[in-house]
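Residue numbers (the numbering used here): 616 to 1214. Glycine residues also receive a C-beta, built at the ideal position from the N, C-alpha and C atoms. Being a predicted model, the structure only gives us computed values, none of them experimental.
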Amino acid sequence: MKQTFAIAIGGAAGQGVATPGDIFAKIFSRRGLSLNAYNAYQSIIRGGHTLLTIRTGPEPVTNMGDRIDLLIPLNQDTMDRHLKLLGSGASCIYNADTIRPGVAADGVQLCPLPVSELADITRNKVAQNTLAIGAALHMMGIGFPALEEVLHEQFKKKGESVVAENVGVARAGYDYAAAHFTSFPNPLPKTQKRYAVLSGNIAMAMGGAAAGVKFYCAYPMSPSTGVLHWMAAHARTAGIMVRQVEDEIGVINMAIGAAHAGVRSMCATSGGGFALMSEGLGMSAMIETPVVVIDCQRAGPSTGVPTKTEQGDLWQMLGAAFGDYPRVIAAPLDIADCFKLIPEMFNLVDRFQCPGLVLCDLLLSEGRLGVDPKDLDFHPVIDRGELIIGANGNGASAGISTNGDYKRYKITESGISPRAVPGVPGHIHTVATDEHMEDGVLISDEFTNPIKRRAMMEKRMRKVAGIEAAVAPPELRGPRDAKVTLIGWGSTRGVIEEACEILNEEGISANQLQVRWLVPLHGEAILELLRNARHTIIVENNYSGQFARYLRSETSFVPDGNIRKYDGEPFMPHHIVEAVKEQLGGKTKLSVPVHEIMV
């Protein structure tokens, strides 16, 4: 298996868990190490239990992994919850003044820091955090200058005295570890690679900016709010108009209005907010105005568990708005894909003049990943489709005052009608949410003509074939004759990939089919890939097996087994490995792993 190292920092909200995580992430990425970070926290401002896990290594790290190599508990609660999860070779750095360790497993090194002796805790309330960072870096074999550089960046806004104080505290922890603690046997390596550390929300926001988004609006709703934060912070430099709206009904209508005016427009929300957008999406479909909506899934129903992850919104997406209409739905596979998917989605919705839905989740939205900057294309190909921005199709007005023969909803073989930006001379047309004729005039104004209704409905739905042809089908990764095929969608790609590696190393051949495009699904291509599969298992983060039901409804395919998780926490590799062994042994067809790291 890959060489990785995982640090877990735990405490109560307000104890400063995030800052050590940021410092470690910067140091690791600057050493050319890949990283993956996940923060399990509660939906309260202060208090509650928070555990931030950062896993790093010289090869791509795609998930939070199975083990903790170094635990830094900032309070007794974290020590009590997680010390028993450490195995031989792991270490635990803690404040000896306030925390008692309890019984650790054989081979676990307990590293008590005499915080009050090493720092002035009356002046620095989070001295234990900085001391622990210093001690940890020595134990990992990382030189102090790397930490000193990051501390200067972290605290420079607070003045040189604050910087000097924190550097001094960190040095005390570093030196104390050198004198009292045993370092890890394999120092963290250094490579020539360079990584940018991104969350999924930031990646989607940056992807929107790269795609040419000029209007973004949202109502803050966890875990999608990070998109709004980035957009607001960079609105002026990126040339994007950003609006915080009063509710999600206003959000979707405002986004569609901006798109109708001719700009690329995007919004983001979570499941509860998306429910309010449903009728507006129908308007987007009826007036054939492209818009991109991001749904960052969290555990439901209702308010549910606001700060926990789930893949529970698939069927809401599939049924959003009433009636039949063309749409595009995709689930990014990782945080880097959050960036790549947005320009792709805009090109599709512009070409086919329909809504595009991005089905992300908290795991990606608020998680962090080391991304190779070379994988971020800030100048993607832009395809606006059949968009008329001038009287001659693409230029300035030629002084035409009559409307000519322009038909906004002209019936075509492809189902795509040339779309004029409002105000282009010679291209006056009616836009309304009722069914209409080719020029936009409502068919119910005088007589609801069933022939015209049928013709317009069929025109719109002809886009579906074009969308399917424009989107690549999924691919099978791994040996074609594998003993088990693991099927997933969206954010489970990384953890399934590592589970396959473990299974193959243990003599159980495994391959993987990961679905990114949900609509169109490419059902026939999926059936062809699974035709000779020996044992198929679908892995997803929800209770009812929403993707399994969707795949069955579209293709009649029924897997041999399912692995489902709906406790709010993401899969770890061993959850999948153990479930596969259980199912191959004939013990069950449905496995629901227990997330012991949060016990």
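Spatial neighbours of A853 in its chain, beta-carbon cut-off 6 angstroms, leaving aside the 5 residues before and after:
For this step, residue 853 is matched to residue 238 along the sequence shown. Here the set comprises A824.
Collapsed DSSP secondary structure at V1195 in the structure displayed
Looking up residue 1195 in the sequence shown gives position 580. The answer is helix: DSSP assigns V1195 an H, G or I state.
The alpha helix (DSSP H) enclosing K829, as first and last residue numbers:
Taking the sequence shown and counting its residues from 1, the one referred to as residue 829 is at position 214. That residue, K829, is in no alpha helix (DSSP H); its beta strand (DSSP E) goes 828-833.
Which of the three DSSP states is assigned to E1155 in this structure?
For the purposes of this step, residue 1155 is taken as the residue at position 540 of the sequence shown. It is a strand residue.
In chain order, what residues of the same chain lie with their CB nearer than 6 angstroms to the CB of W845, ignoring the 5 residues before and after it?
Looking up residue 845 in the sequence shown gives position 230. So the qualifying residues of the chain are I817, A820.
Three-state secondary structure (DSSP) of A621
The residue labelled residue 621 in the question sits at position 6 within the sequence shown. In the structure shown, A621 sits in a strand (DSSP, three-state: E or B).
What is the C-beta distance between N1156 and T1107, in whole angstroms, given that I count them as a contact (C-beta under 8 angstroms)?
Working through the sequence shown from its first residue, we reach residue 1156 at position 541. Working through the sequence shown from its first residue, we reach residue 1107 at position 492. With a Cβ gap of about 7 angstroms, N1156 and T1107 count as contacting.
Can you check DSSP and say which residues form a bridge with T1100?
Here residue 1100 refers to the residue found at position 485 when the sequence shown is read from its first residue. BP columns for T1100 point to N1126, T1151.
Just to confirm my understanding: we take A787, look at its own chain, exclude 5 residues before and 5 after, and list those with CB closer than 6 angstroms. What are they?
Your numbering for residue 787 matches position 172 in the sequence shown. Closer than 6 angstroms at the Cβ level, and outside the excluded window around A787, lie L733.
Is G822 helix, strand or coil by DSSP?
Here residue 822 is taken as the residue at index 207 of the sequence shown, counted from 1. DSSP places G822 in helix when its eight states are reduced to three.
Ignore the nearest five residues each way along the sequence and tell me which others in I1058's own chain have a CB closer than 7 angstroms to its CB.
For this step, residue 1058 is matched to residue 443 along the sequence shown. The residues are E1050, H1051, M1052, N1064, K1067, R1068.
Can you name the start and end residues of the alpha helix (DSSP H) that Q691 belongs to?
Taking the first residue of the sequence shown as 1, we reach residue 691 at position 76. Per DSSP, Q691 belongs to the alpha helix (DSSP H) from 691-697.
Mapping DSSP to helix, strand and coil, what is D990?
By 1-based counting over the sequence shown, the position of residue 990 is 375. D990: helix per DSSP, three-state reduction.
Might you give, ordered along the chain, the residues of its own chain that have their beta carbon closer than 7 angstroms to the beta carbon of N710, omitting 5 neighbours on each side?
Stepping through the sequence shown from its first residue, residue 710 is reached at position 95. Only L728, V730, Q743 meet the Cβ criterion.
Assign E780 to buried or exposed, taking buried as 16 or more other Cβ atoms, counted over all protein chains shown, within 10 Å of its Cβ.
In the sequence shown, the residue the question calls residue 780 occupies position 165. With 16 or more Cβ atoms within 10 Å of its Cβ, E780 is classed as buried.
In whole angstroms, what is the alpha-carbon distance linking T634 and R879?
On the sequence shown, position 19 is the one that residue 634 refers to. On the sequence shown, position 264 is the one that residue 879 refers to. Whole-angstrom Cα-Cα distance: 35 angstroms.
Three-state secondary structure assigned by DSSP to Y791
Working through the sequence shown from its first residue, we reach residue 791 at position 176. Here Y791 sits in helix by DSSP.
Option nearest S1206 by Cα separation, candidates R1164, S1159, C832
Position 591 of the sequence shown, counted from the start, is the residue given in the question as residue 1206. Among R1164, S1159, C832, the Cα nearest to that of S1206 belongs to S1159.
Beta-carbon separation (whole angstroms), S839 vs A870, contact threshold 8 angstroms:
Looking up residue 839 in the sequence shown gives position 224. Looking up residue 870 in the sequence shown gives position 255. No, S839 and A870 are not in contact; Cβ-Cβ is about 13 angstroms, not under 8 angstroms.
Within a Cβ cutoff of 7 angstroms, which residues of the same chain sit near W1132, ignoring the five residues on either side of it in sequence?
For the purposes of this step, residue 1132 is taken as residue 517 along the sequence shown, with counting starting at 1. A945, V1086, listed in sequence order.
If F1172 sits next to L1145, beta carbons under 8 angstroms apart, how far is it from one beta carbon to the other, in whole angstroms?
For the purposes of this step, residue 1172 is taken as the residue at position 557 of the sequence shown. For the purposes of this step, residue 1145 is taken as the residue at position 530 of the sequence shown. F1172 to L1145, Cβ: 7 angstroms. Contact.
Touch check for the stretch 984-1002 and the stretch 1113-1122: three-plus C-beta pairs under 8 angstroms?
no
So, do the stretch 937-954 and the stretch 1069-1083 have three or more beta carbon pairs nearer to each other than 8 angstroms?
yes
Is A946 helix, strand or coil by DSSP?
Stepping through the sequence shown from its first residue, residue 946 is reached at position 331. In this structure, A946 counts as coil in the three-state DSSP scheme.
Taking the alpha-carbon positions, what's the V784 to G629 distance?
Taking the sequence shown and counting its residues from 1, one reaches residue 784 at position 169. Taking the sequence shown and counting its residues from 1, one reaches residue 629 at position 14. About 20 angstroms.
Is the separation between the beta-carbon of F961 and that of A1163 shorter than 8 angstroms?
As a position in the sequence shown, residue 961 is number 346, starting the count at 1. As a position in the sequence shown, residue 1163 is number 548, starting the count at 1. No, Cβ-Cβ distance for F961 and A1163 is not below 8 angstroms.
DSSP state of V782 mapped onto helix, strand, coil:
By one-based count along the sequence shown, residue 782 stands at place 167. The answer is helix: DSSP assigns V782 an H, G or I state.
Going by the DSSP bridge assignment, what does Y653 pair with across the sheet?
Against the sequence shown, residue 653 aligns to sequence position 38. Answer is T668, bridged to Y653.
Continuous alpha helix (DSSP H) stretch holding P995: start and end
For the purposes of this step, residue 995 is taken as residue 380 along the sequence shown, with counting starting at 1. It is not in any alpha helix (DSSP H) - P995 carries neither H nor E in the DSSP assignment.
Taking the alpha carbon of Q859 as the point to measure from, which residue in A876, A874, G841, K771 has its own alpha carbon closest?
On the sequence shown, residue 859 is found 244 positions in, with the first residue counted as 1. Answer by Cα proximity: G841.
Within its chain, find whatever has a CB closer than 6 angstroms to the CB of T671; leave out the 5 residues flanking it on each side and keep chain order.
Here the question's residue 671 lines up with position 56 in the sequence shown. Here the set comprises F620, F643, L648, L650.
Candidates R999, N678, D949: which alpha carbon is nearest H875's?
The residue labelled residue 875 in the question sits at position 260 within the sequence shown. The residue with the shortest Cα to Cα distance from H875 is R999.
Which of the three DSSP states, helix, strand or coil, is assigned to C969?
Here residue 969 corresponds to residue number 354 of the sequence shown, with the count starting at 1. It is coil, neither helix nor strand.
Count the other CB atoms, across all protein chains shown, that sit within 10 Å of the CB of T737; report buried if there are 16 or more and exposed otherwise.
As a position in the sequence shown, residue 737 is number 122, starting the count at 1. With fewer than 16 other Cβ atoms within 10 Å, it is exposed.
Take G662 and list the residues in its own chain whose beta-carbon comes closer than 8 angstroms to its own, dropping the five residues that flank it on each side.
Numbered from its first residue, the sequence shown carries residue 662 at position 47. For G662, where only same-chain residues beyond five positions count, the Cβ hits under 8 angstroms are A627, A628, G629.
Beta-bridge partners of Q912, as assigned by DSSP
Locating residue 912 in the sequence shown gives position 297, where the first residue counts as 1. Q912 is bridged to D976.
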